[in-house]
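> Sequential numbering of the sequence shown, starting at 6, is according to the numbering used here.
From the three backbone atoms N, C-alpha and C, an ideal C-beta is built for every residue, glycine too.
Could you have a look at this structure, given as structure tokens, before my questions?
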Amino acid sequence: MSQSLFADAMTRLDKALQHISISSEAIERLRYPKASLAVSIPVRLDNGELKVFQGYRVRYDDTRGPTKGGIRYHPNVSLDEVQSLAFWMTFKCAAVGIPFGGAKGGIVVNPKALSRMELERLSRGYIDAIADFIGPDTDIPAPDVYTNATIMGWMMDQYSIISRKFSPAVVTGKPTAIGGSLGRESATAMGAYFVIRNLMNRHQKLPQATTVAIQGFGNAGGMLAELLHNAGYKVVAVSDSKGAIYNPEGLDIPGVRRYQRERKQIEAVYCEGSVCNLGDRQILTNSELLTLDVDVLVPAALENQITLANAHDIKAKFIFEVANGPISSAADLILEQNGVCVVPDILVNSGGVTVSYFEWLQNRSGLYWSLEDVNQRLQTKMEAETSQIVDLAQVLSVSLRTAAYIHALKRLALAIEAKGTQQYFEKS
Numbered sequence: 006m007s008q009s010l011f012a013d014a015m016t017r018l019d020k021a022l023q024h025i026s027i028s029s030e031a032i033e034r035l036r037y038p039k040a041s042l043a044v045s046i047p048v049r050l051d052n053g054e055l056k057v058f059q060g061y062r063v064r065y066d067d068t069r070g071p072t073k074g075g076i077r078y079h080p081n082v083s084l085d086e087v088q089s090l091a092f093w094m095t096f097k098c099a100a101v102g103i104p105f106g107g108a109k110g111g112i113v114v115n116p117k118a119l120s121r122m123e124l125e126r127l128s129r130g131y132i133d134a135i136a137d138f139i140g141p142d143t144d145i146p147a148p149d150v151y152t153n154a155t156i157m158g159w160m161m162d163q164y165s166i167i168s169r170k171f172s173p174a175v176v177t178g179k180p181t182a183i184g185g186s187l188g189r190e191s192a193t194a195m196g197a198y199f200v201i202r203n204l205m206n207r208h209q210k211l212p213q214a215t216t217v218a219i220q221g222f223g224n225a226g227g228m229l230a231e232l233l234h235n236a237g238y239k240v241v242a243v244s245d246s247k248g249a250i251y252n253p254e255g256l257d258i259p260g261v262r263r264y265q266r267e268r269k270q271i272e273a274v275y276c277e278g279s280v281c282n283l284g285d286r287q288i289l290t291n292s293e294l295l296t297l298d299v300d301v302l303v304p305a306a307l308e309n310q311i312t313l314a315n316a317h318d319i320k321a322k323f324i325f326e327v328a329n330g331p332i333s334s335a336a337d338l339i340l341e342q343n344g345v346c347v348v349p350d351i352l353v354n355s356g357g358v359t360v361s362y363f364e365w366l367q368n369r370s371g372l373y374w375s376l377e378d379v380n381q382r383l384q385t386k387m388e389a390e391t392s393q394i395v396d397l398a399q400v401l402s403v404s405l406r407t408a409a410y411i412h413a414l415k416r417l418a419l420a421i422e423a424k425g426t427q428q429y430f431e432k433s
């Protein structure tokens, strides 16, 4: 790339600042993370060998509350990526009115190459290294790419050992047996579903007449595919890291999910059981999936999937960003010029942090909610914030991404002003 991921992310802030005025000191403050930490994590492997892994944690901004953000395990994790994700988390929390700041963490590792015990030693070692950097009132980690409830449970337990007290609120996305919230595992997908349904209803697009392609069939993408399928949407293509499958008549998503869980890759649906008898299908690459002629495209994998190289080839009418930063700023401009409606990540995938906030509240109060209560609260929050952002975009004649950043900036600026350190003036 010609510029870093973080530099590219900052262009979204610059664009939003053209439509709202806050003090230069507040702007300067939002351009830099509050604190960044790089750590080395020595892990004894099962064969007796010692291997050292590189880890990061960035707290970007805590103006509106303790910082919040996931921890990802991936070979391509870097400080630039983690800083960018922490920046997006800051604006995501503000965009949906969650009283948290933004943070992110990660370890440079291929988790599939480690045993379960090695993963546990790595996870506990990471918490040993960053324990003084996090806390229920300071910074609260959560799951992200290739991390899950089990790993969060190990991390919470390790922090509790270090602090010598049970500390469920230090981490969200935990197993329910140790303080996790019902609905947290499906929260990102459920939140995205509420946003998609809201926008499609506004555009009078009936589910049965709406085709959908989803890049990324992990926790968020897979669950979202099933939610959309069950609601009547025609999910015609899905992919994982190894490739994509496509059926213009619609896929049997529950069947695909079942085989993907059993065989660990989507291609297995072509050679096993009844799913092979669903009709004509095609095997595609992830890149080919992105350029399908569908109504709705959902990038739910990693960042920078749509760039200058393929933006002109995108045929979808709507893009809902379930992944963080899947579209570069340069591609954004091309998509906007081509009439593609892009619904930004800081709105679409905010269901995860919203239910993480619910989990944190439950941990702090000791009162736990039913699944129906969690999902109803999530629906109310997502639909309300979606409506406000869509209305703001129409009033200002800006893209939904710019409107979401303006919406977030207003809340951030009010918090800065309330602390008495900056002044906030909105353009008339």
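Give the straight-line distance between the Cα atoms of Q163 and S26, rounded to the nearest whole angstrom.
In a straight line, the C-alpha of Q163 is about 44 Å away from that of S26.
> With a threshold of 8 Å on Cβ separation, who are the neighbours of A423 within its own chain once the five nearest residues in sequence on each side are excluded?
Excluding sequence neighbours, A423 sits near nothing in its chain.
> How should Y37 be labelled, buried or exposed, when 16 other C-beta atoms within 10 angstroms of its C-beta is the threshold for buried?
Counting Cβ neighbours within 10 Å, Y37 comes out exposed, since fewer than 16 surround it.
> Closer than 8 Å, CB to CB, is S26 near chain C or not?
No chain C appears in this structure, which consists of one protein chain only.
> Taking the alpha-carbon positions, what's the V240 to L307 distance?
Distance between the alpha carbons of V240 and L307: 20 Å.
> Which complete alpha helix (DSSP H) runs does the stretch 115 to 156 hold, if anything under 4 residues is left out?
121 to 135, all fully within the stretch 115 to 156.
> Determine the closest residue to T177 out of V358, I132 and G371, with distance taken between C-alpha atoms.
Nearest of V358, I132 and G371 to T177, Cα basis: V358.
> What's the call for S29, buried or exposed, on a 16-neighbour Cβ count within 10 Å?
Flag for S29 reads exposed.
> If the criterion is Cβ atoms closer than 8 Å, does the pair R49 and R129 meet it?
Cβ distance not < 8 Å, so R49 and R129 don't count as in contact.
> Assuming V44 and G70 are in contact, meaning their beta carbons sit under 8 Å apart, how far apart are those beta carbons, in whole angstroms?
Not really, about 24 Å apart at Cβ, beyond 8 Å.
> Would a C-beta distance cut-off of 8 Å place Y198 and T215 closer than the cut-off?
Cβ distance not < 8 Å, so Y198 and T215 don't count as in contact.
> Closest by CA to M387, which one among V217, N115, I103 and I167?
Residue I103 is the option with its Cα nearest to M387.
> Might you give, ordered along the chain, the residues of its own chain that have their beta carbon closer than 6 Å to the beta carbon of L302, omitting 5 neighbours on each side?
Answer for L302: A218, A321 and I324, listed in chain order.
> Do you know offhand how far N252's Cα is from G184's?
Cα to Cα, N252 sits roughly 41 Å from G184.
> Going by other Cβ atoms of all chains shown within 10 Å of its Cβ, with 16 needed for buried, is S279 buried or exposed?
Confidence at S279 is low in this model, with a pLDDT of 28, below 50, so its placement is unreliable and no value can be given for it.
> If contact is defined by three or more beta carbon pairs under 8 Å, each pair taking one atom from either stretch, is the stretch 189 to 206 in contact with the stretch 307 to 319?
They do not touch, by the three-pair rule.
> Please name the residue or residues paired with C346 in a DSSP beta bridge.
The partner list for C346 (beta bridge, DSSP) reads F323.
> Cβ of V150 within 8 Å of Cβ of Y78?
Yes.
> Can you tell me which residues form a DSSP beta bridge with I112?
Bridge partners of I112: G60 and Y78.
> In the structure shown, what three-state DSSP assignment does T5 receive?
The chain is shown only over 6 to 433; residue 5 falls outside these bounds and no answer can be derived.
> I'd like to know if the stretch 247 to 263 and the stretch 335 to 352 are in contact, where contact means that at least 3 CB-CB pairs between them fall below 8 Å.
Counting Cβ pairs under 8 Å, fewer than three are found: no touch.
> When we look at the beta-carbon of Q265 and count the other beta-carbons within 10 Å, is it buried (16 or more) or exposed?
It is buried - the Cβ of Q265 has at least 16 other Cβ atoms within 10 Å.
> Quick one: any contact between the stretch 8 to 19 and the stretch 86 to 96, if contact means 3 or more CB pairs under 8 Å?
Yes: at least three Cβ pairs fall under 8 Å.
> Classify S168 as buried or exposed, calling it buried when 16 or more other Cβ atoms lie within 10 Å of its own Cβ.
Label assigned to S168: exposed.
> Rounding to the nearest angstrom, what Cα-Cα distance links P173 and G75 in this structure?
Going from the Cα of P173 to the Cα of G75 covers about 16 Å.
> Using the Cα positions of A249 and Q220, report the straight-line distance between them to the nearest angstrom.
Rounded to whole angstroms, A249 to Q220 spans 8 Å at the Cα level.
> Using three-state DSSP, classify S89 as helix, strand or coil.
S89: helix per DSSP, three-state reduction.
> Can you check DSSP and say which residues form a bridge with T216?
Its beta-bridge partners are K239.
> Could you name the residues that DSSP lists as bridge partners for R49?
In the DSSP output, where bridge partners are listed per residue, R49 has L55.
> How long is the line joining the alpha carbons of A236 and I288, rounded to whole angstroms?
So the two alpha carbons sit approximately 25 Å from each other.
> Pick out whichever of P212, V82, M228 and L55 has its Cα sitting closest to the Cα of E123.
It is L55 whose Cα lies nearest to the Cα of E123.
> Beta carbon of G356, beta carbon of A305: below 8 Å?
Going by C-beta atoms, G356 is not nearer than 8 Å to A305.
> I need the DSSP call for L397, collapsed to helix, strand or coil.
Helix, per DSSP.
> Taking all protein chains shown into account, do 16 or more other C-beta atoms lie within 10 angstroms of the C-beta of R207, making it buried, or fewer, making it exposed?
Burial call: exposed.
> In chain order, what residues of the same chain have a beta carbon less than 8 Å from the beta carbon of H24, not counting five sequence neighbours either side?
Contacts found: L401, V403, T407, I411 and K432.
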